[in-house]
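J.:
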Ligand SMILES: C[S@@+](CC[C@H](N)C(=O)[O-])C[C@H]1O[C@@H](n2cnc3c(N)ncnc32)[C@H](O)[C@@H]1O
Ligand SMILES: [Zn+2]
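Here it is as structure tokens:
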């Protein structure tokens, strides 16, 4: 297992394989990696094809080598990773390191209130992603964490694959899936530079991940690039009133990773939906009580929780009309 804050493997040219071998060796999965179809991967930096080599996967154009460590293809490289993302990776690895069950089996450890709200959001996501084909459609879950939405999509009959920046989070996914008895292909990747060609999956999903990146708009475009049919995200949202409350410390809890949260705003959503080839969009706002010790305590009391949940739904219904909420579900179809 990687240790905490383990630095990224340095980019090196493979000095084991001869150039000829590197050029001609067909891609196989003889390394038995956690990603089943290595031949579908491309260089996340330049989108060129990869070839198999002794040290990992080598870009046939820019020659970067992506190592396969503990069977996980590490499709990130410090030569192109920006500073904010590198810091986020370290912070997320720290968060997920040691993998207490509370980090792995989300949402099981949350308060009753949070569990109910999360399941509701996920239920809406699944409804909006309804499959319109008899064959299972493919969905790639970026920023997958320990696999909360991966598991839900798998249960709903999708052909699921997953990626995350944090290897420690992927260990969690591995633990979660082994405990629950399923397998999905996964690898390490930055959602701003995904290692897949255009239109590789029917659908691309990210839940609570884009706001951790320095550029959620770029992340959204990247999801749109790899998806043939649809993109769906659920992210924190901030409107005028909530921004004001946040300034008083009443609306948003700081990010556990210590990074700066880039919550979606109406104007960012407008930009997301106006780039490129999208149509038929759903935008749904939610209002959840700001998390914190008090909400968590009350929200776990069997008698109080239904009252809080009922109140939240009522308030949400009233505030949606004036576009106030602190979560947003965004589903967009590709043209
Ligand atoms: C709040 S967690 C959400 C995890 C999961 N989607 C869920 O809802 O349980 C945010 C996740 O985004 C990942 N992440 C942060 N920045 C990322 C990036 N640039 N590319 C891919 N994943 C990233 C983190 O490692 C973390 O697993
Ligand atoms: Zn390359």
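Numbering (my numbering), first residue to last: -16 to 318. C-beta: ideal position from N, C-alpha, C; glycine also.
By DSSP, does residue 263 sit in helix, in strand, or in coil?
T.: Here residue 263 refers to the residue found at position 280 of the chain shown. The answer is strand: DSSP assigns residue 263 an E or B state.
J.: Got a sec: does ligand 2 put a non-hydrogen atom nearer than 8 Å to the Cβ of residue 31?
T.: Working through the chain shown from its first residue, we reach residue 31 at position 48. Yes, the beta carbon of residue 31 sits closer than 8 Å to at least one heavy atom of ligand 2.
J.: Secondary structure at residue 93, three-state DSSP: helix, strand or coil?
T.: The sequence position of residue 93 within the chain shown is 110, counting from 1. In the structure shown, residue 93 sits in coil (DSSP, three-state: anything other than H, G, I, E or B).
J.: Give the single residue among 203, 58 and 217 whose Cα lies nearest to the Cα of residue 179.
T.: The count along the chain shown starts at 1 and reaches residue 179 at position 196. Per the Cα distances, 58.
J.: Can you give the Cα-Cα distance for residue 280 and residue 27, rounded to whole angstroms?
T.: Taking the first residue of the chain shown as 1, we reach residue 280 at position 297. Taking the first residue of the chain shown as 1, we reach residue 27 at position 44. Distance between the alpha carbons of residue 280 and residue 27: 43 Å.
J.: Under 8 Å from any heavy atom of ligand 2, does the C-beta of residue 50 make it?
T.: The residue given as residue 50 occupies position 67 in the chain shown. Checking every heavy atom of ligand 2 against the Cβ of residue 50, none is found closer than 8 Å.
J.: Who are the Cβ neighbours of residue 267 in its own chain at under 6 Å, not counting the five residues just before and after it?
T.: Here residue 267 refers to the residue found at position 284 of the chain shown. Within the same chain, residue 267 has close Cβ partners 312.
J.: From residue 39 to residue 79, what does the alpha carbon distance come to, in whole angstroms?
T.: The residue labelled residue 39 in the question sits at position 56 within the chain shown. The residue labelled residue 79 in the question sits at position 96 within the chain shown. Between residue 39 and residue 79, the C-alpha separation is close to 25 Å.
J.: By a C-beta neighbour count over all protein chains shown, 10 Å radius and 16 as the cutoff for buried, is residue 260 buried or exposed?
T.: Here residue 260 is taken as the residue at index 277 of the chain shown, counted from 1. Classification for residue 260: exposed.
J.: Quickly, what does DSSP pair residue 142 with across the bridge? List them, please.
T.: Counted from its first residue, the chain shown places residue 142 at position 159. Partner(s): 121.
J.: In the DSSP assignment, what residue or residues form a beta bridge with residue 316?
T.: Position 333 of the chain shown, counted from the first residue, corresponds to residue 316. BP columns for residue 316 point to 213 and 262.
J.: Does the Cβ-Cβ distance between residue 306 and residue 249 come in under 9 Å?
T.: Along the chain shown, one-based indexing puts residue 306 at 323. Along the chain shown, one-based indexing puts residue 249 at 266. Yes. Within cutoff.
J.: CB of residue 47 to nearest heavy atom of ligand 2: below 8 Å?
T.: Start at 1 with the first residue of the chain shown, and residue 47 comes out as number 64. Yes, ligand 2 has a heavy atom inside 8 Å of this Cβ.
J.: Using a Cβ-based criterion (distance less than 8 Å to any ligand heavy atom), does residue 28 qualify as near ligand 2?
T.: The residue labelled residue 28 in the question sits at position 45 within the chain shown. Within the cutoff, so yes.
J.: Report buried or exposed for residue 293, applying the criterion of at least 16 other Cβ atoms within 10 angstroms of its Cβ.
T.: Stepping through the chain shown from its first residue, residue 293 is reached at position 310. With fewer than 16 Cβ atoms within 10 Å of its Cβ, residue 293 is classed as exposed.
J.: How many angstroms separate the CA atom of residue 198 from the CA atom of residue 273?
T.: Locating residue 198 in the chain shown gives position 215, where the first residue counts as 1. Locating residue 273 in the chain shown gives position 290, where the first residue counts as 1. When rounded, the distance between both Cα atoms is 24 Å.
J.: Can you tell which of 46, 216 and 211 has its C-alpha closest to the C-alpha of residue 107?
T.: In the chain shown, the residue the question calls residue 107 occupies position 124. Nearest C-alpha to residue 107: 216.
J.: Taking C-alpha atoms, which residue in 256, 74, 283 and 174 lies nearest to residue 319?
T.: Lying before the first or after the last residue shown, residue 319 is absent from the chain, which here runs from -16 to 318.
J.: Taking the straight line between their C-alpha atoms, what separation do you get for residue 25 and residue 42?
T.: Counting from one through the chain shown, the residue named residue 25 turns up at place 42. Counting from one through the chain shown, the residue named residue 42 turns up at place 59. Computed Cα separation, rounded: 8 Å.
J.: Assuming residue 170 and residue 146 are in contact, meaning their beta carbons sit under 8 Å apart, how far apart are those beta carbons, in whole angstroms?
T.: The residue labelled residue 170 in the question sits at position 187 within the chain shown. The residue labelled residue 146 in the question sits at position 163 within the chain shown. That pair is a contact at about 5 Å.
J.: With burial defined as no fewer than 16 other Cβ atoms inside 10 Å of the residue's Cβ, what is the status of residue 162: buried or exposed?
T.: Sequence index remark: in the chain shown, residue 162 carries index 179 (1-based). Label assigned to residue 162: exposed.
J.: Are residue 95 and residue 271 close, meaning C-beta to C-beta below 9 Å?
T.: The residue you call residue 95 lines up with position 112 of the chain shown. The residue you call residue 271 lines up with position 288 of the chain shown. For residue 95 and residue 271, no; Cβs fall outside 9 Å.
J.: Under DSSP, the alpha helix (DSSP H) around residue 154 begins and ends at which residues?
T.: Against the chain shown, residue 154 aligns to sequence position 171. Residue 154 -> alpha helix (DSSP H) spans 150 to 163.
J.: Distance, Cα to Cα, residue 183 vs residue 168?
T.: Within the chain shown, numbered from 1, the residue matching residue 183 stands at position 200. Within the chain shown, numbered from 1, the residue matching residue 168 stands at position 185. Roughly 14 Å separates the two Cα atoms.
J.: Give the straight-line distance between the Cα atoms of residue 258 and residue 315, rounded to the nearest whole angstrom.
T.: Taking the first residue of the chain shown as 1, we reach residue 258 at position 275. Taking the first residue of the chain shown as 1, we reach residue 315 at position 332. Going by the C-alpha atoms only, they are around 11 Å apart.
J.: Going along the chain, which residues of its own chain have a beta-carbon closer than 7 Å to the beta-carbon of residue 5, five neighbours each way excluded?
T.: Walking along the chain shown from the start, residue 5 turns up at place 22. In this prediction, residue 5 has a pLDDT of 46, which is less than 50 and means its spatial position is unreliable; nothing more can be read from the coordinates.
J.: Considering only the beta carbon of each residue, do residue 128 and residue 156 sit closer than 9 Å?
T.: Position 145 of the chain shown holds residue 128. Position 173 of the chain shown holds residue 156. Yes, these two residues count as a Cβ contact at 9 Å.
J.: With distances taken between CB atoms, is the gap from residue 202 to residue 152 smaller than 9 Å?
T.: As a working mapping, residue 202 is identified with position 219 in the chain shown. As a working mapping, residue 152 is identified with position 169 in the chain shown. Not closer than 9 Å, so no.
J.: Within the present structure, is the beta-carbon of residue 173 separated from the nearest heavy atom of ligand 1 by less than 8 Å?
T.: Position 190 of the chain shown holds residue 173. At least one heavy atom of ligand 1 is nearer than 8 Å to the Cβ of residue 173, so yes.
J.: Could you work out which residue in 244, 285 and 264 is closest to residue 253 when comparing CA atoms only?
T.: For the purposes of this step, residue 253 is taken as the residue at position 270 of the chain shown. The option with the nearest alpha carbon to residue 253 is 264.
J.: Mind checking whether the beta-carbon of residue 129 lies closer than 8 Å to any heavy atom of ligand 1?
T.: Walking along the chain shown from the start, residue 129 turns up at place 146. Within the cutoff, so yes.
J.: Which of the three DSSP states, helix, strand or coil, is assigned to residue 284?
T.: Along the chain shown, read from residue 1 onward, the residue named residue 284 stands at position 301. It is coil, neither helix nor strand.
J.: Using a Cβ-Cβ cutoff of less than 6 Å, which residues in the same chain neighbour residue 142 once the five nearest sequence positions on both sides are dropped?
T.: Within the chain shown, the letter at position 159 stands for residue 142. If we look at residue 142 and ignore the five residues flanking it on each side, its Cβ neighbours are 119 and 121.
J.: Contact check, residue 72 vs residue 148 under 8 Å by CB: the rounded distance?
T.: The count along the chain shown starts at 1 and reaches residue 72 at position 89. The count along the chain shown starts at 1 and reaches residue 148 at position 165. Confirmed, Cβ separation roughly 5 Å.
J.: Can you tell me whether residue 72 sits near ligand 1, meaning its C-beta is under 8 Å from at least one heavy atom of the ligand?
T.: Along the chain shown, read from residue 1 onward, the residue named residue 72 stands at position 89. Result yes, Cβ under 8 Å from ligand 1.
J.: Classify residue 192: buried if its beta carbon has 16 or more other beta carbons within 10 angstroms, exposed otherwise.
T.: Translated into positions along the chain shown, residue 192 becomes position 209. Buried is the call here.
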